[in-house]
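Asker:
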Amino acid sequence: EPEVTQTPSHQVTQMGQEVILRCVPISNHLYFYWYRQILGQKVEFLVSFYNNEISEKSEIFDDQFSVERPDGSNFTLKIRSTKLEDSAMYFCANSWGSNTEAFFGQGTRLTVV
Amino acid sequence: GENVEQHPSTLSVQEGDSAVIKCTYSDSASNYFPWYKQELGKRPQLIIDIRSNVGEKKDQRIAVTLNKTAKHFSLHITETQPEDSAVYFCAASKSNSGYALNFGKGTSLLVTP
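Residue numbers (the working numbering), protein chains in the order written: chain W, 1406 to 1518; chain G, 6 to 118.
1) Compute the beta-carbon to beta-carbon distance between Ala68(G) and Lys62(G), rounded to the nearest angstrom, for a pair I have assumed lies under 8 Å.
2) Where does Ala34(G) land, buried or exposed, given buried means 16+ other C-beta within 10 angstroms?
3) Which ranges does the beta strand (DSSP E) cover as unbroken runs of at least 3 residues, wholly within the stretch 1443–1494 of chain W, from first to last along the chain?
4) The stretch 71–97 of chain G: which residues have C-beta closer than 9 Å to a C-beta of chain W, in chain order?
5) From which residue to which residue does the beta strand (DSSP E) around Asp54(G) run?
6) With a threshold of 8 Å between beta-carbons, can Asn1504(W) be considered close to chain C, or not?
7) Alpha carbon to alpha carbon, how far is Leu1435(W) from Ser1503(W)? Give it in angstroms, no decimals.
8) Using C-beta distances below 8 Å, list every residue in its chain close to Thr1410(W), excluding the 5 sequence neighbours before and after it, in chain order.
9) Which chain W residues sit within Cβ distance under 9 Å of Pro49(G)?
10) From the beta carbon of Gly1512(W), is the nearest beta carbon of chain G less than 8 Å away?
11) Could you name the residues of chain W that Leu106(G) contacts, counting a contact when the two beta carbons are closer than 7 Å?
12) Return no unless some Cβ of chain G is closer than 8 Å to the Cβ of Ser1414(W).
13) Listing by chain order, which chain G residues have their CB less than 7 Å from the CB of Glu1423(W)?
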């Protein structure tokens, strides 16, 4: 089965620091997403990315967040100045087409202290 | 934006019984409805999905039904097994929202032997 790979699996950072979460998507899958899940809660959409640009973002995805595909392969989520409430599991997801199965990575657990 | 409601939040059944989880959505433009299973500490994994041009879909012990008029869809698991124990999330997405998945709050299913 195709697999989305995320690094790191766990990151602890101090409040106010910048973090970059990385994702290696499935090759030839054209749609990229970031979701987050606060412990014990539902999965929340952050942003979708297609054709090298953001196609949709949620209210959570404010100016502190950014995404890019720096080398046309890896897909990153940057949080510029982390807050305590950013602590969550962040999932990268990937699908090959519109309204097709979104494959989720194993997640990065971000802990802001 | 899209609002997905999911019920019940917890469900306990005996092995061999059926389990039904129900979701409603608010945006009539939503046209893709996947169901994800998430085991503790793991990534969400697709178990079945349905598109708005279909009313029912079945895959072995799992079935999903969609009522577009009422804007609700349901997951049916028959002959439940202990390994079906997990959190199940319904989701909805539409074409003009970057195919972002809007998730319900999840149902924690416990199957007791």
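Note that CB positions come from ideal geometry on N, CA and C, so glycine has one too.
Answerer: In brief:
1) Residue numbering aside, residue 68(G) sits at position 63 when the second sequence is read from its first letter. Residue numbering aside, residue 62(G) sits at position 57 when the second sequence is read from its first letter. Right, the Cβ-Cβ distance comes to about 7 Å (below 8 Å), so this counts as a contact.
2) Locating residue 34(G) in the second sequence gives position 29, where the first residue counts as 1. Ala34(G) is exposed by the Cβ-count criterion.
3) You should have 1448–1455, 1458–1462, 1470–1473, 1480–1484.
4) Result list: Phe94, Ala96.
5) For the purposes of this step, residue 54(G) is taken as the residue at position 49 of the second sequence. Looking at the DSSP string, the run of the beta strand (DSSP E) that includes Asp54(G) is 50–56.
6) Note that chain C does not occur in the displayed structure, where the protein chains are W and G.
7) Taking the first sequence and counting its residues from 1, the one referred to as residue 1503(W) is at position 98. Taking the first sequence and counting its residues from 1, the one referred to as residue 1435(W) is at position 30. CA-to-CA, the gap between Ser1503(W) and Leu1435(W) works out to about 9 Å.
8) As a working mapping, residue 1410(W) is identified with position 5 in the first sequence. Excluding its 5 nearest sequence neighbours in each direction, Thr1410(W) has C-beta neighbours in its own chain below 8 Å: Cys1428, Val1429, Gly1510, Gln1511, listed in chain order.
9) The residue you call residue 49(G) lines up with position 44 of the second sequence. At a C-beta separation below 9 Å, Pro49(G) has these neighbours in chain W: Tyr1440, Gln1442, Val1448, Phe1496, Ala1498, Ala1507, Phe1509.
10) Position 107 of the first sequence, counted from the start, is the residue given in the question as residue 1512(W). Using a Cβ-Cβ cut-off of 8 Å, Gly1512(W) counts as an interface residue toward chain G, since at least one Cβ of chain G sits closer than that to its own.
11) Numbered from its first residue, the second sequence carries residue 106(G) at position 101. Proximity of chain W to Leu106(G) at the Cβ level (cut-off 7 Å) is accounted for by Phe1450, Ala1507, in chain order.
12) Against the first sequence, residue 1414(W) aligns to sequence position 9. No, Ser1414(W) lies away from the interface with chain G (no Cβ there is under 8 Å from its Cβ).
13) The count along the first sequence starts at 1 and reaches residue 1423(W) at position 18. Close to Glu1423(W), with beta-carbon spacing below 7 Å, lies no residue of chain G; the smallest spacing is near 25 Å.
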